[in-house]
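Contents: one structure, followed by commentary.
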Amino acid sequence: MNIQGAWHKRLYNRTVDKNMKSKLLIPALLLISSTALAQPPQKRPFTFEDMMKLKRVGVPVPSPDGKWVVFDCVDVDLEANTRISHLWIVPANGPAAAGRRLNPTPNHEERPRFSPDGKRLIWTSKATDPTQIWMCDFDSGKGVLVAKPHQVTELSSGADGGIWSPDGKNIVFVSAVYPDCKDDACNKQRDEELKKSKVKAKVFSRLFYRHWSAFTEFKRSHLFVQSAEALVSGAGNGTAAGTAATTARDLTPGDHDVPPFNLGGQDMYAISPDGQEVAYTSNIDEVEATSTNNEIFVVPISGGTAKKISTSPGADTTPLYSPDGKYLAWRSQARAGFEADKWRLFLHDRQGSTTTEYHPELSQHFDLSAGSFAWSPDSKAIFAAFEEQGMAPIFRVGIEEPTVSRVPPDVSISIHADDLTFGLNACISRECPHKRPTKSGESNLSALSQSSSRSPT
36 MNIQGAWHKR
46 LYNRTVDKNM
56 KSKLLIPALL
66 LISSTALAQP
76 PQKRPFTFED
86 MMKLKRVGVP
96 VPSPDGKWVV
106 FDCVDVDLEA
116 NTRISHLWIV
126 PANGPAAAGR
136 RLNPTPNHEE
146 RPRFSPDGKR
156 LIWTSKATDP
166 TQIWMCDFDS
176 GKGVLVAKPH
186 QVTELSSGAD
196 GGIWSPDGKN
206 IVFVSAVYPD
216 CKDDACNKQR
226 DEELKKSKVK
236 AKVFSRLFYR
246 HWSAFTEFKR
256 SHLFVQSAEA
266 LVSGAGNGTA
276 AGTAATTARD
286 LTPGDHDVPP
296 FNLGGQDMYA
306 ISPDGQEVAY
316 TSNIDEVEAT
326 STNNEIFVVP
336 ISGGTAKKIS
346 TSPGADTTPL
356 YSPDGKYLAW
366 RSQARAGFEA
376 DKWRLFLHDR
386 QGSTTTEYHP
396 ELSQHFDLSA
406 GSFAWSPDSK
416 AIFAAFEEQG
426 MAPIFRVGIE
436 EPTVSRVPPD
446 VSISIHADDL
456 TFGLNACISR
466 ECPHKRPTKS
476 GESNLSALSQ
486 SSSRSPT
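Add 35 to the 1-based position in the sequence shown for the working numbering, that's all there is to it.
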């Protein structure tokens, strides 16, 4: 072989060898890439920013027909430094992925409540300043709002915490007003005077004067009642009778807060099943800053003199009527001034006007503290979340028979339940599940959601 031929052979061998290496390298690179892609993402610490991305779910509100659950949900925007609540809806039977925004608006909206017939929905909206109660028709077949929402209240002091009377005729809500003002015109004038005044200093002569980051502004929270048919601007066709029928009325006038300062949770006021009476919580002690003696009062929804029905020297709160109207239940503490005292369930017999602790002989052995609670539809039991080892499982408390039993008894799961309420066929609550080991090594909430009307979902 001549020199030129040898050179061509070496070049050929080098080319073949290079091509073979390339062919072997490509699948190797593909294997490495696919292996890298198949690896799970690297774990990292849970950050404050991660926590702020989580939606904060509010109180679940079931529709009267049991088809839907409506709730408010807070979104946090760190860049804009805002917390905005929106209304959401989800089918009661799931799946959770079917949840969606109910009212596509940029306005802050919270605390939805269905009318007793399920055809209307009210909520608190910041579409105006201050906040007011808004309303809209609701189509339960499709789970959507019908037509355009409209404003129900128009108080210069704002409105919040709306609840329906069981007959659907009235709405009771909370508004912070000047205790010596007799009407909204007076409240509006006082606010305008303070706003225009060049003196911005605040002078307080008694406690309380500030909670957390907000001053009391010399106002008291009061309960108001207004017709559910009231229309804003020109209500009642301009007649005196019509205007009177659609004007909000102060049910709890005076220099006391109704309800008193609280950090959320179950409502501290309720309306009787016949729609004729309102029960509420208030502290009327002379020095309320050093007192925990919240009391339970009742007043006719048409107005009149309130009557105190609780007797404990400790706190009494969260009154709730039984569906049959026979009882009024609330939570009570025995010791005055002791905020961490055990919460006990009390029953007030409205026919006999007697108030007793729920089976005190049983309470002595059942040492758990009662939290959020709800009546069963047949008025024969109360479902309540009781504090236990850092959790809040749900128990069924029999009214006629002295029995307390965990619900459901055969599920090995611990939950922290709150904001209990009854829908058509189930007790619904906000809850944080915590798994415990079982024989099969698995635990979930499916057993809760498939249980009977005596079990929570």
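For each residue, glycine too, the CB sits at the ideal point set by N, CA and C.
Everything numeric in this text was worked out from a predicted model, so none of it was measured.
| Asked | Found |
| --- | --- |
| C-alpha gap between Ile-198 and Phe-259, whole angstroms | 11 Å |
| Close beta carbons around Thr-159, own chain, < 8 Å, minus the five adjacent residues each side | Glu-144, Glu-145, Arg-146, Thr-166, Gln-167, Ile-168, Trp-169, Ala-194, Asp-195, Gly-196, Gly-197 |
| Cα-Cα separation between Lys-494 and Leu-229, rounded to whole angstroms | What the structure shows of the chain is the stretch from 36 to 492, and residue 494 is not part of that stretch, so it cannot be assessed. |
| Extent of the continuous alpha helix (DSSP H) to which Lys-230 belongs | 219-231 |
| Where Phe-83 sits in the DSSP three-state scheme | helix |
| Assumed close pair Phe-421, Arg-431 - CB separation to whole angstroms, cut-off 8 Å | 11 Å between Cβ atoms; not a contact. |
| Whether Val-109 touches Val-96 by CB criterion (7 Å) | no |
| Of the listed residues Pro-130, Glu-189, Val-313, Gln-301, nearest to Gly-339 (C-alpha basis) | Val-313 |
| Nonlocal neighbours in the same chain, by C-beta distance under 8 Å from Thr-390, ignoring five residues either side | Ile-344, Ser-345, Thr-346, Phe-381, Leu-382, His-383, Asp-384 |
| Bridge partners - Leu-363, DSSP secondary structure assignment | Tyr-356, His-383 |
| Option in Leu-180, Arg-241, Ile-157, Asn-142 with minimal Cα separation from Thr-163 | Asn-142 |
| Span of the beta strand (DSSP E), counted from its first residue to its last, around Arg-433 | Looking at the sequence shown, residue 433 is not Arg but Gly. Element bounds for Gly-433: 429-433. |
| Close Cβ partners of Ser-29 (< 6 Å) along its chain, the five nearest in sequence each way excluded | Look at the range of the chain in this structure, 36 to 492, and you will see that residue 29 is not part of it. |
| Residue environment, Gln-77, which counts as buried when at least 16 other CB atoms sit within 10 Å | exposed |
| Through-space distance from Pro-294 to Thr-353, alpha-carbon basis | 10 Å |
| Supposed contact pair Pro-126 and Ala-133 - C-beta distance, whole angstroms, cut 8 Å | 5 Å |
| Residue range of the unbroken beta strand (DSSP E) whose run includes Arg-155 | 155-160 |
| Reduced DSSP secondary structure (H/G/I, E/B, other) of Thr-166 | coil |
| Range covered by the beta strand (DSSP E) that runs through Glu-330 | 330-335 |
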